[in-house]
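The structure appears below as structure tokens.
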Amino acid sequence: MHGTEAPSPWVCRWSHLVPEGASVLDVACGHGRHMRWFAERGHPVTGVDRSPEAVATVAGLGRAVQADIENGPWPFAGERFGAVVVTNYLWRALLPVIVDSVAEGGVLIYETFATGNESVGKPSRPDFLLRPGELLRASTGLHVVAYEDGFCDHPERFVQRIAAVRKRPDAPALPLRHRLV
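Numbering (this note's numbering), first residue to last: 1 to 181.
Below is the structure:
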């Protein structure tokens with residue numbers, strides 16, 4: 001069941017980029033594996049999912065919002081978060097909205113299926129597979145700390161993933177220092 005497995009190693013690896021105590025939005029949160037990860041680290045968490053069962057499961061972790069974000073309005077208009085986390089989900093029309101939801105100094109941690117996945121399993125529809133470089137293009141305006149586009153084992157899948165930070169306007173002109181792990 002989506003959301004009950006361990007948190008994504010990609011999310012865990014880059015969670016140190018989230019400012020201490022910053023709010024975290026988990027898009028298509030499922031049963032809250034990433035909400036749980038961040039809540040256990042002292043972050044206020046918000047999860048959104050269209051499934052009433054998923055939302056009921058995560059309600060005790062933080063703010064839980066049931067919304068069909070593909071066919072209805074974005075429930076967080078005007079809000080920004082210290083981190084926006086998305087895994088195993090793609091709705092292209094929302095990519096600009098998701099990126100815009102990252103606060104100054106905040107981080108986008110995104111990982112989902114990519115072109116090529118149709119050769120090993122589901123999802124296989126092009127609508128649900130990122131095209132080469134698509135996450136990089138969607139993250140224009142953010143400082144990319146890490147990006148991968150390739151094949152993973154266990155389970156076999158093609159993925160794209162990114163960790164990118166929105167620079168603060170008051171940040172020094174010096175190169176940003178984001179620790180690589």
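Even for Gly, the Cβ is constructed at its ideal location relative to N, Cα and C.
For threonine 112, the uninterrupted beta strand (DSSP E) segment begins and ends at 102-113. Alanine 28 and leucine 61 have their C-alpha atoms roughly 15 Å apart. For the set Trp74, Trp14, Arg36, the Cα lying nearest the Cα of tyrosine 110 is the one of Trp14. Under DSSP, isoleucine 162 forms a beta bridge with Tyr110, Tyr147.
Cα atoms of proline 73 and glycine 47: separation of roughly 16 Å, rounded to the nearest angstrom.
Within the region 49-104, the complete beta strand (DSSP E) runs of at least 3 residues fall at 63-66, 81-87. Segment contact: the region 96-116 against the region 129-143, three or more CB-CB distances shorter than 8 Å; contact assigned. Taking 8 Å as the cut-off, the beta carbon of serine 139 is found closer than this to the beta carbon of alanine 164. Annotation: phenylalanine 76 to alanine 22 spans about 16 Å, alpha carbon to alpha carbon. Judged by DSSP in its simplified three-state form, arginine 157 adopts strand. Annotation: the continuous beta strand (DSSP E) that includes leucine 25 extends over 24-27.
CA-CA distance, leucine 135 to glycine 78, rounds to 23 Å.
The Cβ atoms of arginine 33 and alanine 6 sit closer than 8 Å to each other.
Taken through DSSP and simplified to helix, strand or coil, leucine 135 comes out as helix. Our two residues, phenylalanine 158 and phenylalanine 151, have alpha carbons roughly 4 Å apart in a direct line. Residue pairing by DSSP places threonine 46 opposite Leu25, Arg63 in a beta bridge.
Judged by beta-carbon spacing, glycine 105 lies within the 8 Å limit of arginine 168, meaning their Cβ atoms are closer than that value. Of the candidates Val85, Arg41, Arg137, the residue whose Cα lies closest to the Cα of valine 11 is Val85. Cβ neighbours of glutamine 160 within its own chain (closer than 6 Å, five residues either side excluded): Ala114, Leu130, Leu135, Asp149.
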